[in-house]
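Protein chains in written order, with the numbering used here: chain A, 163 to 389; chain B, 108 to 538.
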């Protein structure tokens with residue numbers, strides 16, 4: 163629990179900032195799950211909804227930017243407050259990127275043909291579940307200022323990477339065997355890539371949460387071996 | 108945020124009874140100036156106008172202090188015995204605490220109180236923070252701005268697959284209660300039901316087809332069949348029937364797990380004793396000198412207690428050891444290692460590892476291992492008597508116990524399954 167500040171207005175600013183980040187996070191989370199649902203089921207209205215809501219994320223990011231500048235200019239925060247504010251600013255940027263990846267997935271929903279008997283499509287939801295759970299948990303870690311949970315989320319990224327490698331190979335062999343589906347399969351490759359990036363960005367948020375909570379930097383992940 | 112706090116009342120009370128003058132300072136600066144001017148007046152002969160001005164100035168200063176119109180003090184009504192009791196946040200906190208569903212009290216933006224169930228669901232950090240920290244789902248954020256009494260059904264509020272009905276109710280001007288009802292279990296049961304039927308019918312069809320095939324052959328040739336051949340057929344029928352039996356048992360425990368996955372188990376389970384019991388049950392086969400399973404208990408000798416369901420934890424370890432024996436090389440040992448983390452200040456967890464030395468699993472397969480009926484090598488799995496559900500069951504048990512499952516494998520070397528389960532609070536301090 164962060165100590166109360168003498169200036170109540172400062173507390174309100176920080177509370178408002180954290181609220182905005184949480185709201186962005188909620189939108190990003192929903193964008194991932196709905197984009198995947200739209201992709202798998204071919205639900206175009208759902209995909210359109212995701213694309214339309216991305217504007218809201220962008221608007222919130224701009225609001226966070228303004229608020230952060232105002233807090234720094236007016237209140238000259240120090241120590242853990244400053245860390246918290248800087249981390250929030252960075253997290254807002256990362257969440258906006260995650261929203262973009264989800265929007266990109268939603269845009270590809272319309273380009274998949276022969277959905278019902280398209281086998282690679284069954285591999286993606288499990289990967290999306292892990293990526294979405296990383297985003298979910300890292301936002302919980304942000305809310306609770308929980309450095310341990312942030313570290314756990316970082317460690318989970320290896321699973322998403324393993325999934326990506328597996329799906330990549332599966333997809334390539336599928337394309338070799340079924341050249342007629344290459345267009346659709348290529349789109350799915352990009353979807354897998356987007357999910358992998360979402361996982362990476364969750365670890366970036368985890369780093370910021372850890373930094374805000376402890377003031378330390380998490381050691382960089384050991385790079386996974388190149389394929 | 109205080110609503111009718113007792114202190115406010117006593118303060119205004121004192122003011123009302125002893126009058127205003129007791130608190131009002133005499134206008135010293137004005138009086139001093141006036142006195143100074145009067146003494147000077149005796150010595151020098153100032154015009155009368157100055158005297159009049161000073162007098163006016165003094166009167167003005169008196170007016171400023173005593174007669175200036177003041178805002179009426181905000182009196183808080185003293186609760187009379189007949190009037191309804193005042194609502195205080197402390198009172199609300201106490202009365203919602205024991206409710207069986209999460210309830211959060213908010214003002215215009217912040218969470219003021221959250222009962223036990225809400226703290227369990229969202230964490231205790233939400234109190235005092237912006238309401239969006241707890242309810243960040245876009246539909247929930249929308250609800251925060253909606254009219255009183257509105258209700259929304261939200262999917263994914265507390266993780267994938269969760270389903271909540273969230274209602275906003277007004278307490279008084281400026282305070283609202285957010286009531287959360289968990290509908291996940293109800294939604295899950297219907298889904299689990301369809302899954303079960305789909306899985307069961309698909310997987311039971313194969314052994315059933317072969318049983319029917321062999322029995323038809325036996326029926327069609329009542330006398331012509333050679334006894335050795337008939338015995339072989341009957342053995343195949345028996346083994347297929349046994350396979351179906353194992354499959355039904357696994358499907359049953361899986362659907363049981365699905366049904367209970369939302370109520371965390373509460374029994375304290377001694378992991379040391381459990382590991383010893385399970386490893387001892389894999390007794391050496393006749394003709395073998397010693398068991399292939401060897402157990403290593405924590406080096407520092409602590410007894411690890413987790414909150415769990417002993418039957419399920421036993422099934423978990425049994426499934427893992429069973430797998431390791433099946434897929435490890437025949438003459439190699441299967442190591443079961445029980446240990447704990449938490450010494451370095453991180454969250455204390457019991458760590459259970461089952462390590463075999465065998466062919467290992469290609470990295471491509473690792474992410475899919477815990478899927479139902481996923482087999483890396485269908486032929487081998489069936490000849491070993493696997494149902495394809497063992498690891499799915501392990502994963503579900505770990506999830507129900509709020510633990511983690513990690514699988515590491517190297518082709519040609521072997522596979523290591525690591526389970527981490529949170530240690531109970533009492534153990535946490537002793538470690």
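All C-beta atoms, glycine included, are put in the ideal place defined by N, C-alpha and C. Source: prediction; values computed, not measured.
If we call anything under 8 Å between Cβ atoms a contact, is residue 431 of chain B one with residue 463 of chain B?
Residue 431 of chain B is a Cβ neighbour of residue 463 of chain B, given a cutoff of 8 Å.
Does the separation of the CB atoms of residue 377 of chain B and residue 412 of chain B fall below 8 Å?
Yes, Cβ-Cβ distance for residue 377 of chain B and residue 412 of chain B is below 8 Å.
For residue 184 of chain A versus residue 215 of chain A, is the C-beta spacing smaller than 8 Å?
No.
Return the chain-ordered list of same chain residues with a C-beta closer than 7 Å to the C-beta of residue 380 of chain B, the five sequence neighbours on each side being excluded.
Around residue 380 of chain B: no qualifying Cβ.
Could you please give me the residues that DSSP links to residue 221 of chain B through a beta bridge?
In the DSSP secondary-structure assignment, residue 221 of chain B is bridged to B:211.
Tell me the residue span of the beta strand (DSSP E) that contains residue 274 of chain B.
Taken as a continuous stretch (DSSP letters only), the beta strand (DSSP E) holding residue 274 of chain B covers 270 to 279.
Output needed for residue 358 of chain A: all residues of its chain with C-beta closer than 7 Å, excluding positions within five of it in sequence on either side, in chain order.
Within the same chain, Cβ atoms closer than 7 Å to the Cβ of residue 358 of chain A are found at 322, 323 and 326, the five residues on either side in sequence being excluded.
Please report the distance separating the alpha-carbon of residue 304 of chain A from that of residue 353 of chain A.
Rounded to the nearest angstrom, the two C-alpha atoms are 27 Å apart.
7 Å Cβ cut-off: residues of chain B touching residue 185 of chain A:
Chain order gives the chain B residues near residue 185 of chain A as 239, 243 and 248, where near means a beta carbon separation below 7 Å.
Which word fits residue 131 of chain B, buried or exposed, when buried means at least 16 other C-beta atoms lie within 10 angstroms of its C-beta?
Any reading at residue 131 of chain B must be qualified, since the residue scores a pLDDT of 47, below 50, and its modelled position is unreliable; the value itself is stated next. With fewer than 16 other Cβ atoms within 10 Å, it is exposed.
Hey, would you say residue 238 of chain B sits closer than 8 Å to residue 216 of chain B, going by beta carbons?
Going by beta carbons, residue 238 of chain B and residue 216 of chain B fall inside the 8 Å limit.
Sequence-distant residues of its chain with Cβ nearer than 7 Å to residue 354 of chain B (five each side left out)
Excluding sequence neighbours, residue 354 of chain B sits near 310, 311 and 494.
CA-to-CA distance, residue 360 of chain A to residue 229 of chain B, given in whole angstroms
Taking the straight line from one Cα to the other gives about 23 Å.
Test: residue 447 of chain B CB closer than 8 Å to a CB of chain A:
Output row for residue 447 of chain B: interface = no.
Starting from the C-beta of residue 376 of chain A, find all residues in its chain whose C-beta is less than 7 Å away, skip the five residues before and the five after it, and write them out in chain order.
Excluding its 5 nearest sequence neighbours in each direction, residue 376 of chain A has C-beta neighbours in its own chain below 7 Å: 309, listed in chain order.
Out of B:531, B:163 and B:360, state which residue places its alpha-carbon closest to the alpha-carbon of residue 455 of chain B.
Measuring from the Cα of residue 455 of chain B, the nearest candidate turns out to be B:531.
Interfacial residues, the region 190 to 205 of chain A to chain B, with Cβ spacing under 8 Å
Contact residues of the region 190 to 205 of chain A toward chain B are 191, 192 and 195 (C-beta to C-beta distance below 8 Å).
Judging by CA-CA distance, which residue of B:203, B:332 and B:319 is the nearest neighbour of residue 285 of chain B?
In terms of Cα proximity to residue 285 of chain B, the closest of B:203, B:332 and B:319 is B:203.
When DSSP labels each residue in this structure, what does residue 258 of chain B get in the three-state scheme?
When secondary structure is reduced to three states using DSSP, residue 258 of chain B falls in the strand class.
Check whether the Cβ atoms of residue 441 of chain B and residue 428 of chain B sit closer than 8 Å, and answer yes or no.
In this structure, residue 428 of chain B lies closer than 8 Å to residue 441 of chain B by Cβ.
So residue 220 of chain B and residue 196 of chain B are in contact, right, with Cβ under 8 Å, and what is the actual spacing, rounded?
Right, the Cβ-Cβ distance comes to about 6 Å (below 8 Å), so this counts as a contact.
Is there contact between the region 220 to 238 of chain A and the region 250 to 258 of chain A, where contact requires at least three CB pairs shorter than 8 Å?
These segments touch.
Report yes or no: is there a C-beta of chain B within less than 8 Å of the C-beta of residue 211 of chain A?
Taking a beta-carbon distance threshold of 8 Å, residue 211 of chain A does not count as an interface residue toward chain B.
So that I know if they touch, is there some Cβ in chain A lying closer than 8 Å to that of residue 454 of chain B?
Residue-level contact check: residue 454 of chain B touches chain A, since one or more beta carbons of chain A fall below 8 Å from its beta carbon.
Would you mind telling me which residues of chain B sit closer than 9 Å to residue 178 of chain A, beta carbon to beta carbon, in chain order?
Within 9 Å Cβ-Cβ: 216 and 237.
Using a Cβ-Cβ distance under 8 Å, would residue 232 of chain B count as near chain A?
Closer than 8 Å: yes.
Going by other Cβ atoms of all chains shown within 10 Å of its Cβ, with 16 needed for buried, is residue 338 of chain A buried or exposed?
Flag for residue 338 of chain A reads exposed.
Do you know whose CA, among B:406, B:293 and B:438, lies nearest residue 369 of chain B's CA?
B:293 is the residue among B:406, B:293 and B:438 whose C-alpha sits nearest the C-alpha of residue 369 of chain B.
Given 8 Å, three or more beta-carbon pairs between the region 472 to 482 of chain B and the region 281 to 291 of chain A:
Result yes; three or more Cβ-Cβ pairs closer than 8 Å.
Give me the subset of the region 232 to 255 of chain A whose CB atoms are less than 9 Å from a CB atom of chain B, sorted by chain position.
Listed by position, the residues of the region 232 to 255 of chain A near chain B (Cβ gap below 9 Å) amount to none.
Going by DSSP, what residue range makes up the beta strand (DSSP E) through residue 446 of chain B?
Looking at the DSSP string, the run of the beta strand (DSSP E) that includes residue 446 of chain B is 441 to 447.
From the DSSP output, read off the bridge partner residues of residue 511 of chain B.
Bridge partners of residue 511 of chain B: B:527.
I'd like to know whether the C-beta atoms of residue 307 of chain A and residue 374 of chain A end up nearer to each other than 8 Å.
Against a cut-off of 8 Å, the Cβ pair of residue 374 of chain A and residue 307 of chain A comes out as a contact.
Hey, does residue 411 of chain B have any beta-carbon neighbour from chain A nearer than 8 Å?
Not closer than 8 Å to any Cβ of chain A, the Cβ of residue 411 of chain B fails to qualify, so no.
Short-range partners of chain B found in the region 280 to 299 of chain A, where Cβ spacing is below 9 Å:
The residues in question are 285, 288, 289, 291, 292, 294, 295, 298 and 299.
Residue 267 of chain B CB to nearest chain A CB: under 8 Å?
Yes, because at least one Cβ of chain A sits closer than 8 Å to the Cβ of residue 267 of chain B.
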